[in-house]
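2 protein chains.
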Amino acid sequence: MNVRTLCLAVLNCGDATGYEIRKLVSEGHFSHFVDASFGSIYPTLKALHEDGLVTQREERQDGKPDRKVYSISDAGRQAFLQNLRQPAQKDIFKSGFLLLAMCAELMDPEDIRTAIDRQIAHIESELTMIDSEVREVDMAGADWVGDYGRICLTAGLQYIRAKRGELEALAGTGLPDNPSTAPSPTLIAAE
Amino acid sequence: MNVRTLCLAVLNCGDATGYEIRKLVSEGHFSHFVDASFGSIYPTLKALHEDGLVTQREERQDGKPDRKVYSISDAGRQAFLQNLRQPAQKDIFKSGFLLLAMCAELMDPEDIRTAIDRQIAHIESELTMIDSEVREVDMAGADWVGDYGRICLTAGLQYIRAKRGELEALAGTGLPDNPSTAPSPTLIAAE
DNA sequence: CGAGCATATGCACGCTTGATATATAAACGG
DNA sequence: CCGTTTATATATCAAGCGTGCATATGCTCG
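So the sequences go chain by chain: B and D.
Here the first sequence stands for residues 1304 to 1494, numbered as in my numbering.
Here the second sequence stands for residues 1304 to 1494, numbered as in my numbering.
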């Protein structure tokens, strides 16, 4: 998903400033399946404006600095639908936690436990986010998407809670800086 | 997860060339929770070599071009463990499919169905990948990580299979090129 | 012979991170 | 009650990371 399509998608739900778009995709309703930062959103909005896919109006508000509010144009809607139509690439999932879990045997038990606790907290906060925010989006698909996220996250969370013991048990079994006790893994798989 | 840590993680499991690392993280055992491309892996290996975290030996093989095989050094293991220890950031998940699903109402029913089928195929191939390849990694945590992935993917897959009807039913209900029935915007300011 | 694999490199471009700027409100310390 | 810090809202830019693509080479296999 490139930032262009992302901005169009958000603007398709309603007018917004660059700041608000960032908020939505990084902390709000969209944040559990997309992300983008200031540095890409602002230039993208400018480009979309130049291409006539969004309209821009400046709102002078007393107190706060001027805000540039963007609206999607008809051409923008067309382009957005065109983008949606073409084959989406695979979802992207990157997990530092799983990389760490893969190497559990090298780690200190205490570090593993910390990492697991942190991961649980991350997932829980994500679930809270979905419950509280997704319902606000005025798109028919939002509930469906929210449920999808909730289900995947919940499944992962349950797994971690149920099986964290196995991971913790691995800690320290492959001592890295003690070559005499050379690691002999491959058979630790517990069921 | 930056590419440095990723390369160290792979090399920690055994020696490899840049090509092999790419294969592992993009198509092999590691590919369901990390990714990286040639363009980042090769320069990173060079940098790791300069920093003394990996050693490099050139193998002249007849037929194929020379291969540069990298091994992690003791300093590299230290650095790797150090990286693992420091707090991992949140997992990254980006889904073009969910963005599309969110906007289901704007889409053609046929396009939705195609997208859903494609998504199911993606998930199934990912599951196959995990089943066939993960067991080959010689790390104790690999099974744990594989099961985690399998469970999350399976949960999502079941959800899609069970609820795709609801999504398909939304298609076309928010007619885009008919401005009279266009969705009324300005829902961002929820205060 | 052409397709494809194995191997390696370089570059353009997209995107993120983080610094910087401005202005106003809320909160806190003295 | 004033001054200072902190948070919120807004926007821009430079630097660097990382991807995607093009390129090169030489083998193997159908």
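We put the beta carbon where it would ideally sit given N, CA and C, even for glycine.
Looking only at its chain, what residues have a beta carbon closer than 7 angstroms to the beta carbon of residue i, apart from the 5 residues adjacent to it on each side?
{"i": "Ile1344/B", "result": "Val1306, Cys1310, Gly1321, Ile1324, Arg1325"}
{"i": "Met1304/B", "result": "Val1337"}
{"i": "Glu1436/B", "result": "Gly1331, His1332"}
{"i": "Arg1467/B", "result": "Ile1419"}
{"i": "Gln1392/B", "result": "none"}
Going by DSSP, name the residue or residues bridged to residue i.
{"i": "Arg1360/B", "result": "Val1372/B"}
{"i": "Phe1400/D", "result": "Phe1400/D is not bridged to any residue."}
{"i": "Ala1319/D", "result": "Tyr1373/D"}
{"i": "Ile1395/D", "result": "Lys1397/B"}
Anything in chain D within Cβ reach of residue i, meaning under 7 angstroms, just list it in chain order.
{"i": "Lys1393/B", "result": "His1425"}
{"i": "Met1304/B", "result": "Lys1397, Gly1399, Leu1402"}
{"i": "Leu1473/B", "result": "Ala1443, Gly1444"}
Run down chain B in chain order and give the residues with a C-beta less than 7 angstroms from the C-beta of residue i.
{"i": "Arg1388/D", "result": "Asp1414"}
{"i": "Thr1476/D", "result": "Ala1443"}
{"i": "Glu1469/D", "result": "Trp1447"}
{"i": "Gly1355/D", "result": "Near Gly1355/D there are no residues of chain B at all, since even the closest Cβ is about 16 angstroms away, more than 7 angstroms."}
Considering only residues of the same chain and omitting the five flanking positions on each side of residue i, which have a CB-CB separation below 8 angstroms?
{"i": "Leu1314/D", "result": "Ile1324, Val1357, Tyr1373, Ser1374, Ile1375, Gly1379"}
{"i": "Glu1429/D", "result": "His1335, Gly1452, Leu1456"}
{"i": "Asp1338/D", "result": "Val1328, Ser1329"}
{"i": "Ile1433/D", "result": "His1335, Gly1449, Gly1452, Arg1453, Leu1456"}
{"i": "Gly1459/B", "result": "Ile1426"}
{"i": "Cys1316/B", "result": "Val1440, Asp1441, Met1442"}
{"i": "Ala1350/D", "result": "Arg1307"}
{"i": "Ser1340/B", "result": "Arg1325, Ser1329"}
{"i": "Thr1476/D", "result": "Glu1408"}
Just to confirm, does residue i get its C-beta within under 6 angstroms of one of the non-hydrogen atoms of the ligand ATP?
{"i": "Asn1315/D", "result": "Annotation note on the ligand ATP: not contained in the displayed structure, which lists no ligands."}
Counting only Cβ pairs nearer than 9 angstroms, list the residues of chain D close to residue i.
{"i": "Glu1408/B", "result": "Met1442, Ala1443, Gly1444"}
{"i": "His1352/B", "result": "The premise fails here: His1352/B is roughly 17 angstroms from chain D at the closest Cβ pair, so nothing lies under 9 angstroms."}
{"i": "Lys1466/B", "result": "Trp1447, Asp1450, Tyr1451"}
With a threshold of 6 angstroms on Cβ separation, who are the neighbours of residue i within its own chain once the five nearest residues in sequence on each side are excluded?
{"i": "Gln1359/B", "result": "His1352, Lys1371, Tyr1373"}
{"i": "Thr1308/B", "result": "Asn1386"}
{"i": "Glu1361/B", "result": "Asp1369, Lys1371"}
Using a Cβ cut-off of 8 angstroms, pull out every chain D residue sitting near residue i, in sequence order please.
{"i": "Phe1336/B", "result": "Phe1396, Lys1397, Ser1398, Leu1401, Leu1402"}
{"i": "Ala1312/B", "result": "Leu1402, Met1405, Cys1406"}
{"i": "Ala1378/B", "result": "Ordered by position in chain D, no residue passes the 8 angstroms Cβ test against Ala1378/B, which lies about 11 angstroms from the chain."}
{"i": "Ala1321/B", "result": "One detail in the question is off: residue 1321/B reads as Gly in this sequence, not Ala. The contacting residues do not exist; Gly1321/B stays about 12 angstroms from chain D at best."}
Quick one: list the residues of chain B neighbouring residue i, beta-carbon separation under 8 angstroms, in chain order.
{"i": "Arg1307/D", "result": "None at all; the shortest Cβ gap to chain B is about 12 angstroms."}
{"i": "Arg1421/D", "result": "Pro1390, Ala1391"}
Worksheet item: Quick one: any contact between the segment 1461-1477 of chain D and the segment 1442-1451 of chain B, if contact means 3 or more CB pairs under 8 angstroms?
Response: yes
Fill in: Length-filtered (4 minimum) alpha helix (DSSP H) runs lying within the segment 1416-1481 of chain D
1445-1473
Item to complete: Assess, as a yes-or-no matter, whether the segment 1415-1429 of chain B is touched by the segment 1411-1425 of chain D under the definition of 3 or more beta carbon pairs within less than 8 angstroms.
Response: no
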